[in-house]
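Trainee: Take a look at this one; I'll ask things after.
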Amino acid sequence: MRRLLAVRRPPGARGFSYEDTLAYRLYGPKPLAVVVHPVITHSGTKPWPQILWDAEEALGLARANRWDVLPGPNGTPPGGWDHEAFARAEAEDLLRRSQSGAWSAPEGWHLDRGEEESDDEYDVHEAAWKNGVVKRQWAETCVVKVRQINANTFFGSGKVNEIALYLAENPCDFLFVNHTLTPNQARNLESVMNNAIAAGDAQQRRSEGRGIPPGSKYPGLEVIDRNRLVLEIFSLRAKSPQAKVQVGLARLEYLKTRLTVGGKVRMRETIRLLQEHVGPFKEVTGFRNDVDVQYHYENKPFEAERMLLRIAEVRLKRMMETEKKVRKLHRQNREGVPTIGIVGYTNAGKTSLMNRLTDAGLRERDLLFQTLDTTMRKVKLPSGGHAILADSIGFIQHLPHNLFAAFQSTLEELIDCDVLLHVRDIAHPQRTMQKEIVLKTLRSAGMPENKLQSAVIEVWNKIDLLQSMSFVPPEAVPVCAADGTGVQDLLQVMDAVVSAQVDRQRRTVQFPEEQMTQVMGFLRKQGTVDEESFVFEDSLVSIDAVLPAIAWKRWEAERKTLQDFKMPHGTFKSHPGGQEHLKTAAQSECPALLFLAYHMGCDLERIGRAAKALGVEMPDSGQLCADVHALVRKVKEEHKSQHWVFVVWSLIITAGLFIVFPWFLLRASVAASIAASFLFEVYFLNIFHTRHHKGGKLYDIPWLDRLTAPIYEVVDNTWGYNPAAWWKNHHDYHHMSTNSNCDPDMPAMYPLIRLFEGQERLWFHVAQTFYYPLLLPFSIARFPVQNVFQYGGPWGYFLLWIVLMWVWPCAMHGWTGLSATLLVQGLTGVTLTTKFAVSHSHVDLVPHSTKEADSLLTTKQMKMDAWMVNQIEESMSWGGYWMTVIFGGINMQIEHHVAPALDPPLLWCMADGLKEICKKHKIQYTREPSIFHAVFGLHRRLWELGKL
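Written out as structure tokens, the structure is:
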């Protein structure tokens, strides 16, 4: 800690004891740097511990770039330096160096650095950096509060003067600002700081009676922002050809926007980059240590430099394409062998874990971005099998966008791994934020959400630094890579996952007859085919094959190429909407449950074979599912006339659109408004709701469905819910996980309305039963707005809604027209939302925990019976036959949820039978005689949850 607290520190003076190391005598001093961590106060300040952690991370970045870090511009931490902590750290260093013989050169030592840098150059073993008190105080000196960002200098004039005065007394080579700077800000800061350093140097020379040598120049301070420093660290670490190309591309993208007039340091960096990627430049005598910027007349500023940068970019991109082809060949050679990728925040211990699992012998250092190149090693599993373990780049907050884009191929290689080990530094105070950053980066790189949930093993590293560990979630594996604690348990978990990946599986494959040559050739090449299971029916071929899991993945890709979700004609004879349901299921988070639920009462055996041919595995089902399936088939067979009741009623509603709506536009009376409200309600419940549940086949009459489809598309997109968004939110979330956190309907009313015990009670919920009706009039009017601004629907339909519902009535009828429009929107919202709300929020419903509901959607627990119990006990039915016919079965939600694609009148027909089935299986079946009883049950629930 020599000269640490000196007011004036000459260049080359060390903050720590690096000058006592052999590396210092061999390589000379490292560049001096001052770190500034700006905190923008006007945008909301983070908690102080998090600010300090961000500042410590900035110090770590500076160390990782092989800089010697001076105290920040504050000079002294708020509480003063802890001299005892510095003394202890220096004593530890002296003892370590004397015991290790670090002052003497080992035999055979030579001056060539080689591929590896000395640990002393990064202060890896420096005791002060391992001392939490010293590190925190050093970070405190770097924190600078910024009220508002200045467009010219980033900092305000007062802060610029403070930093300039500090640098005049403590000159250095680099000023690192831990934020993104514009080229103009960086250039202006450099100019101010260099002038201050030059003035300070001149004043000191005069005070000491020394003159300024003629022709001498101060080398110049360079201002570095966060993006640039991360790029420099990556450039320093890149060893493999691909890493060098990726970093080179990222630096080019960065520098293309940084060519500024008068920026010598920027031009020096550009020349250095061009020397690497375009060709050598001859040194001009007299300019060995600096460059001069010449001003010349060009049509565009820096036209020649930009042309050279473009040349370098073309070369690098050509090299990148070559590297991609090489990597693709490597992946093909590894096909059939499971790969396990290691991901995590930088310095979380990924390389240490890699060494512990594979004896790879990779270099481990307490340093940010120690590993940059992708390293692959074979890991032996307890069962005797093996997998490939891939260690790669660590993640960090605010990763530069151009760097992220350049390393996309590396990230894609990690995402393509069968399993990921997410290594977390569980002893770090910001471990939760680090986890979110890693997951966010993986999502941005294109990793599917279902893979994040099912293919990621969370590894809690550095448990030896915890005082205690009271709770470990089941999805986490605690380890200590340093001493090997818990590594065997981790290997067992990895073995179980890998075994599941490579197990040979028997599946039934179904495909059209015309594709037999391609499919059979593929199956025989990848595994074995059971010739005795061959079945030919209705131009469809089905056969059993035994393939490894990795081969089944390739089959899924081959299947999409062959069929692209186009089922052979006649596959879904008993259910015309089956094709659309298969598409919806394939894009959902729970394809098997969704697909089977929509085909209750149909030929499940035949449809199941067709679904399996397209990769949709049927879930396990028990007696409950069998009883409901038999009931639906019986109802459909015994009440065929109810389908025609529904067809006639739907056609009456369709004709009413051309009568009632023009009446509303021309007269805008109370009667017309009430009629329009009623028409919109029955349209939404009968046509919109049922049509999309039946895969677009409302009438099951092809020519009639084609004839009416354009009318319904216009009405749906203009007044209703955007169909694409509705398929996802209603089919996949509401019907699969009713009343759970992912259900966008009833739970989404929180925090205004508390309908479930798992939601936190707020003070105003005590009155929710009274103000709840006041919210209903606005529920329907939001759909056209959401369609455009939330779901990205067409603007044309939104403008049509504005004109027909607002502009036309107001223009034609003035205030009367406006009142009529408000009456239509409000009345529709009240009646429609009330009918839906009472069906899923009743005092007698059995609440299922969110965790329980979500678990039904995981691939390991796709239990049809358990899902069906959840649907029955989280819904209720009310009213009679005519209520069911008129309002599209909205009152028979229990029946609708177990058989969503059934015509509404048939829901009433199956109610008594379903009630008996529930009684047999001891499942609560909730039913009220009328809407009034149901509304009373809803308000009882609101009152009880509001007062609890």
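Mapping of the sequence shown onto this note's numbering: position 44 corresponds to residue 44, and the numbering continues sequentially without gaps.
Glycine included, every Cβ here is placed at the ideal spot set by N, Cα and C.
1. State the beta-bridge partners of tryptophan 460 as determined by DSSP.
2. Please tell me whether valine 898 and valine 628 are closer than 8 angstroms, where the distance is taken between their beta carbons.
3. Among His896, Val459, Met883, Glu162, which has the Cα closest to the Cα of isoleucine 872?
4. Find the nearest neighbour of glycine 349 within the set Val379, Arg424, Lys324, Ile415, judged by alpha-carbon distance.
5. Could you tell me the alpha carbon to alpha carbon distance between aspartate 418 and glutamine 453, rounded to whole angstroms?
6. Roughly how many angstroms separate the alpha carbons of methionine 193 and leucine 167, rounded to a whole number?
7. By the three-class DSSP mapping on this structure, what secondary structure does aspartate 544 have?
8. Here's a check: name, in chain order, each residue in its chain whose Cβ is nearer than 6 angstroms to the Cβ of valine 247, leaving out the five neighbours to either side.
9. With a threshold of 7 angstroms, establish whether the CB of valine 632 neighbours any heavy atom of the ligand NAD.
10. Just to confirm, are leucine 32 and cysteine 172 a CB contact at a threshold of 8 angstroms?
11. Who are glutamine 510's beta bridge partners in DSSP?
12. Is it right to say histidine 83 is buried, meaning 16 or more other beta carbons lie within 10 angstroms of its own, or is it exposed?
13. Assign threonine 828 to one of three DSSP states: helix, strand, or coil.
14. Using 8 angstroms as the threshold, is the C-beta distance between alanine 482 and serine 352 below it?
15. Could you name the residues that DSSP lists as bridge partners for valine 146?
16. Measure the alpha-carbon distance for leucine 4 versus serine 468 and round it to whole angstroms.
17. As a quick exercise: from His730, Val177, Leu707, Glu253, pick the residue whose alpha carbon is nearest that of histidine 689.
18. For valine 133, which beta-bridge partners are listed by DSSP?
19. Am I right that leucine 698 and serine 650 are in contact with their C-beta atoms under 8 angstroms? What's the rounded C-beta distance?
20. The beta strand (DSSP E) spanning phenylalanine 176 covers which residue range?
21. Considering only the beta carbon of each residue, do glycine 937 and histidine 765 sit closer than 8 angstroms?
22. Taking the straight line between their C-alpha atoms, what separation do you get for tryptophan 109 and aspartate 68?
23. Could you check whether the region 750-761 touches the region 824-833, counting it as contact only if at least three pairs of C-beta atoms, one from each stretch, sit closer than 8 angstroms?
24. Look at the alpha carbon of leucine 942 and the alpha carbon of phenylalanine 836, and state the distance between them as a whole number of angstroms.
25. Indicate the three-state DSSP secondary structure (helix, strand or coil) for glutamine 887 in the structure shown.
26. Decide if tyrosine 598 is buried, meaning its Cβ has at least 16 other Cβ atoms within 10 Å, or exposed.
27. Using DSSP with H/G/I as helix, E/B as strand and the rest coil, what is alanine 445?
28. Using 8 angstroms for Cβ pairs, my map puts methionine 354 next to valine 245. What's the rounded Cβ distance?
29. Out of Glu169, Pro473, Ile802, Met447, point me to the one whose CA is closest to aspartate 201's CA.
30. Could you check what DSSP says for serine 533 in three-state terms: helix, strand or coil?
31. Between arginine 210 and the rest of its own chain, which residues show a CB-CB distance below 6 angstroms, the 5 nearest in sequence each way excluded?
32. Can you find the residues in the same chain that come closer than 6 angstroms, C-beta to C-beta, to phenylalanine 932, ignoring five residues on each side of it along the sequence?
33. For aspartate 391, which residues does DSSP report across the bridge?
34. Give every residue of the same chain whose Cβ lies closer than 6 angstroms to the Cβ of glutamine 434, excluding the five residues on either side of it in the sequence, and list them in chain order.
35. Looking at aspartate 225 and threonine 180, is the spacing between their C-beta atoms short of 8 angstroms?
36. How many angstroms separate the CA atom of alanine 66 from the CA atom of valine 35?
Mentor: Taking the definition as stated:
1. Position 460 of the sequence shown holds residue 460. DSSP lists Arg424, Pro478 as partners of tryptophan 460.
2. As a position in the sequence shown, residue 898 is number 898, starting the count at 1. As a position in the sequence shown, residue 628 is number 628, starting the count at 1. Taking 8 angstroms as the Cβ cut-off, valine 898 and valine 628 qualify as a contacting pair.
3. In the sequence shown, the residue the question calls residue 872 occupies position 872. Out of His896, Val459, Met883, Glu162, His896 has the C-alpha closest to the C-alpha of isoleucine 872.
4. Reading the sequence shown from its first residue, position 349 is the one you call residue 349. Minimum Cα distance to glycine 349 is reached at Arg424.
5. Residue 418 sits at position 418 when you count from the first residue of the sequence shown. Residue 453 sits at position 453 when you count from the first residue of the sequence shown. So the two alpha carbons sit approximately 13 angstroms from each other.
6. By one-based count along the sequence shown, residue 193 stands at place 193. By one-based count along the sequence shown, residue 167 stands at place 167. Answer to the nearest angstrom: the Cα atoms are 7 angstroms apart.
7. If you number the sequence shown from 1, residue 544 lands on position 544. Residue state, collapsed to three classes: strand.
8. By one-based count along the sequence shown, residue 247 stands at place 247. Once the five neighbours on either side are set aside, the close Cβ partners of valine 247 are Phe234, Ser235, Ala238.
9. Here there are no bound small molecules, and the ligand NAD is not part of this structure.
10. As a first step, residue 32 must be located in the sequence shown, where it is residue number 32. As a first step, residue 172 must be located in the sequence shown, where it is residue number 172. Yes, the pair counts as a contact, with Cβ atoms nearer than the cut-off.
11. Your numbering for residue 510 matches position 510 in the sequence shown. Partner(s): Ser542.
12. The residue labelled residue 83 in the question sits at position 83 within the sequence shown. Its Cβ having fewer than 16 others within 10 Å, histidine 83 is exposed.
13. The residue labelled residue 828 in the question sits at position 828 within the sequence shown. Helix.
14. Here residue 482 refers to the residue found at position 482 when the sequence shown is read from its first residue. Here residue 352 refers to the residue found at position 352 when the sequence shown is read from its first residue. Contact: yes.
15. As a working mapping, residue 146 is identified with position 146 in the sequence shown. In the DSSP output, where bridge partners are listed per residue, valine 146 has Ile40.
16. Sequence index remark: in the sequence shown, residue 4 carries index 4 (1-based). Sequence index remark: in the sequence shown, residue 468 carries index 468 (1-based). The predicted model places leucine 4 with a pLDDT of 40, which falls under 50 and marks its position as unreliable; any figure quoted below should be read in that light. So the alpha carbons of these two residues sit roughly 36 angstroms apart.
17. In the sequence shown, counting from the first residue as 1, residue 689 sits at position 689. The option with the nearest alpha carbon to histidine 689 is His730.
18. Taking the first residue of the sequence shown as 1, we reach residue 133 at position 133. Valine 133 pairs with nothing; no bridge assigned.
19. Here residue 698 corresponds to residue number 698 of the sequence shown, with the count starting at 1. Here residue 650 corresponds to residue number 650 of the sequence shown, with the count starting at 1. At roughly 6 angstroms, the Cβ-Cβ gap stays under 8 angstroms, so leucine 698 and serine 650 are in contact.
20. Against the sequence shown, residue 176 aligns to sequence position 176. Unbroken beta strand (DSSP E) run through phenylalanine 176: 174-177.
21. Reading the sequence shown from its first residue, position 937 is the one you call residue 937. Reading the sequence shown from its first residue, position 765 is the one you call residue 765. No, these two residues do not count as a Cβ contact at 8 angstroms.
22. To locate residue 109, count along the sequence shown from 1; it is residue 109. To locate residue 68, count along the sequence shown from 1; it is residue 68. Legend: pLDDT at tryptophan 109 = 45, less than 50; position of this residue unreliable, no value from coordinates given.
23. no
24. The residue labelled residue 942 in the question sits at position 942 within the sequence shown. The residue labelled residue 836 in the question sits at position 836 within the sequence shown. Roughly 15 angstroms between the two C-alpha positions.
25. Translated into the one-based positions of the sequence shown, residue 887 becomes position 887. In the sequence under discussion, the amino acid at residue 887 is phenylalanine, which differs from the glutamine named in the question. Three-state DSSP puts phenylalanine 887 in coil, outside helix and strand.
26. Along the sequence shown, read from residue 1 onward, the residue named residue 598 stands at position 598. By the neighbour-count rule (16 or more Cβ atoms within 10 Å), tyrosine 598 is buried.
27. Working through the sequence shown from its first residue, we reach residue 445 at position 445. The answer is coil: DSSP assigns alanine 445 none of H, G, I, E or B.
28. Position 354 of the sequence shown, counting from 1, holds the residue named residue 354. Position 245 of the sequence shown, counting from 1, holds the residue named residue 245. Going by Cβ atoms, the distance from methionine 354 to valine 245 rounds to 24 angstroms, so no, they are not a contact pair.
29. By 1-based counting over the sequence shown, the position of residue 201 is 201. Checked all of Glu169, Pro473, Ile802, Met447; the closest Cα to aspartate 201 is Glu169.
30. Translated into positions along the sequence shown, residue 533 becomes position 533. In the structure shown, serine 533 sits in a strand (DSSP, three-state: E or B).
31. On the sequence shown, residue 210 is found 210 positions in, with the first residue counted as 1. If we look at arginine 210 and ignore the five residues flanking it on each side, it has no Cβ neighbours.
32. For this step, residue 932 is matched to residue 932 along the sequence shown. Excluding positions up to five away in sequence, the list is empty.
33. Here residue 391 refers to the residue found at position 391 of the sequence shown. Paired residue(s): Ile342, Thr375.
34. Here residue 434 corresponds to residue number 434 of the sequence shown, with the count starting at 1. If we look at glutamine 434 and ignore the five residues flanking it on each side, its Cβ neighbours are Tyr345.
35. Taking the sequence shown and counting its residues from 1, the one referred to as residue 180 is at position 180. Taking the sequence shown and counting its residues from 1, the one referred to as residue 225 is at position 225. Yes, Cβ-Cβ distance for threonine 180 and aspartate 225 is below 8 angstroms.
36. For this step, residue 66 is matched to residue 66 along the sequence shown. For this step, residue 35 is matched to residue 35 along the sequence shown. The amino acid at residue 66 is misidentified as alanine; the sequence shows arginine. Their Cα atoms are separated by approximately 13 angstroms.
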